[in-house]
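Counting from 702, one number per residue, gives the positions in the sequence shown under our numbering.
Ideal Cβ positions, reconstructed from N, Cα and C, are used throughout, including at glycine.
Report on one structure; see the data block that follows.
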Amino acid sequence: MKQAVATIEGKDVFAYTIGHPDGLQITALNYGGVITGVCLNGSSNLVLSYQDPFTYSTNPDYIGALIGRTAGRIPGASVSTENGVADLDKNDGNHNLHGGFNGFSSQFFDVEEGENELTMTTVSPDGEGGYPGNLKTKVIYRIKGDALHISYEASADKATPVNMTHHAYFNFGSADILKHVLTIPSDRFWKIDEDSLPVEKTPAEGPFQFQEGRAIGEALMMDHEQLTIAGGIDHPFELNLEGPILLEDPETGVQMSIETTAPAVVIYTGNKLSEKPGEENRFMKHGAVCIETQHVPGKAEGLIVQPGEIYQEKTVFHFKKTGTDD
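Now the structure itself:
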C-alpha cells in the first residue's frame, strides 16, 4: 500500500506499508528510508516516529532513518585512499557523523514494491558530502513471517568508505526503556572519548556486561566514567560470542531477536532524546534504544570498498509476543 503523506523539497513523500495486520507489518518512507511503523499482531507502534512526516526533513536524532554512506563518526572528517585525501562534511564538531549534511537519512530513494518487500535505490554522486566515487546503493526491506530482513548492497567506481545501518528507535511499551532487558553476544566493547569517538577496545565490564541479559535501567544506574561521557550508553560492541542480540519488554511480552552479518553493533540508549510530538509520548531521555548493526565506526580507511567490489550486509529482526493469550 502506498500513500502520499507530505511534501519535502518540492517532492512527494510516500509511505509504503508491507506485511499483514494480523502479523508483522511495517511502514517506510521513500524519504530517508525512514521506518515509521513496526506493528506485531495489531500492537501499538514498536518504534518511535513523528506525528507529522514533514518533520523528517529536519531529523537531528535520525529517528527511524537509513544511515549512509557511513554510520557513526569519522575522526576529523577525513579519509585517505589511493586517490588521495577526501575531506568530508564536518557536521558534528570537527567530525563527520552518519554521512554528513546530506547523508542517506535526508535523501529520496526510488522505491520498487514487491510482495512483502520494498527495494530502495539511489545513486550518491562523486563528491557528495566530500565522499569519492559514484555510489550505487540498494536496500531491501523484506518481511518473512514475523521477521523483518534488511539487506544492504553498494558499489562504487572509486575507492570509498561504506558502512550502512538503520537507526530505528525501539520501545515495546508505553514509557521509557529502562525495564527493557537487553542481551548482547559480546564480551568486548569500545570506550569512547569526549567526542564520542571509539578509542579503545576493552573487556565489557560493569554496565557494559550484557552477555546474560540485564535491564537497561540497571546498567544506566551504575557509576561509570563511560556512562558519564555519553549520558548513557552510546558504544560499539564486538559481536564475538554465539547467539542473537535480544531485546524484551517483560511488561508487554514483546521480544525481538537480531541476527546480522555485521561484526559489531552500536547500542544507543536515547541519551539525547527530548520531548517532541511523537507517538505514545515516548520522546524523552531513554525513551527508546537504537540497535545499530555495522562495522565499528572510526577511521574510514578500514571501511573502504574498492571499484569492482560489492558491499553487502544483512540484519534480520525477529519479533514475537509471549505471556499473553493471543
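Going by the DSSP bridge assignment, what does Y1012 pair with across the sheet? Within the sequence shown, residue 1012 is the residue found at index 311, counting from 1. Answer is A855.
Status (buried if at least 16 other CB within 10 Å, exposed otherwise) for N803: Translated into positions along the sequence shown, residue 803 becomes position 102. The residue is exposed, with fewer than 16 neighbouring Cβ atoms inside 10 Å.
With 16 other CB atoms within 10 Å as the buried threshold, where does Q995 fall? Taking the sequence shown and counting its residues from 1, the one referred to as residue 995 is at position 294. Result: buried.
Span separating the alpha-carbon of Y1012 from that of T962: Position 311 of the sequence shown, counted from the start, is the residue given in the question as residue 1012. Position 261 of the sequence shown, counted from the start, is the residue given in the question as residue 962. Roughly 12 Å between the two C-alpha positions.
Just to confirm, is the Cβ distance from K880 to D950 under 8 Å? In the sequence shown, the residue the question calls residue 880 occupies position 179. In the sequence shown, the residue the question calls residue 950 occupies position 249. In this structure, K880 lies near D950, with their beta-carbon atoms less than 8 Å apart.
DSSP state of S779 mapped onto helix, strand, coil: For this step, residue 779 is matched to residue 78 along the sequence shown. In the three-state scheme derived from DSSP, where H, G and I count as helix and E and B as strand, S779 is classed as strand.
Could you name the residues that DSSP lists as bridge partners for A705? As a position in the sequence shown, residue 705 is number 4, starting the count at 1. Paired residues: F715.
Exposed or buried, G988, counting other C-beta atoms within 10 Å across all chains shown (16 or more means buried)? Here residue 988 corresponds to residue number 287 of the sequence shown, with the count starting at 1. Classification of G988: buried, given that the 10 Å Cβ count is 16 or more.
Close-in-space but distant-in-sequence residues of the same chain around E952 (CB under 6 Å, 5 per side omitted): Mapped onto the sequence shown, residue 952 falls at position 251. Result list for E952: G874, in chain order.
Backbone CA spacing between G1024 and S975 [nearest angstrom]: Taking the first residue of the sequence shown as position 1, residue 1024 is located at position 323. Taking the first residue of the sequence shown as position 1, residue 975 is located at position 274. Roughly 32 Å separates the two Cα atoms.
If you compare alpha carbons, which of L898, P754, C740 and G1009 is closest to F1020? Taking the sequence shown and counting its residues from 1, the one referred to as residue 1020 is at position 319. The residue with the shortest Cα to Cα distance from F1020 is C740.
How should V966 be labelled, buried or exposed, when 16 other C-beta atoms within 10 angstroms of its C-beta is the threshold for buried? Within the sequence shown, the letter at position 265 stands for residue 966. Counting Cβ neighbours within 10 Å, V966 comes out buried, since at least 16 surround it.
Please return the same chain residues whose Cβ sits closer than 8 Å to the Cβ of V900, not counting the five positions on each side in sequence. Counted from its first residue, the sequence shown places residue 900 at position 199. So the list reads W891, K892, I893 and D894, once near-sequence residues are dropped.
Evaluate Q1007 with the Cβ neighbour count: other Cβ atoms within 10 Å of its Cβ, from every protein chain shown; 16 or more gives buried, anything less gives exposed. Stepping through the sequence shown from its first residue, residue 1007 is reached at position 306. With fewer than 16 Cβ atoms within 10 Å of its Cβ, Q1007 is classed as exposed.
Just verifying my parser: in three-state terms, what is the DSSP assignment at T1023? On the sequence shown, residue 1023 is found 322 positions in, with the first residue counted as 1. Coil.
Are the Cβ atoms of V780 and E1002 separated by less than 8 Å? Taking the first residue of the sequence shown as position 1, residue 780 is located at position 79. Taking the first residue of the sequence shown as position 1, residue 1002 is located at position 301. For V780 and E1002, yes; Cβs fall inside 8 Å.
Short of 7 Å in beta carbon distance, which residues of its chain neighbour G734, apart from the five on each side in sequence? Order them along the chain. Here residue 734 refers to the residue found at position 33 of the sequence shown. Contacts found: A766, L767, F805, F810, M821 and V840.
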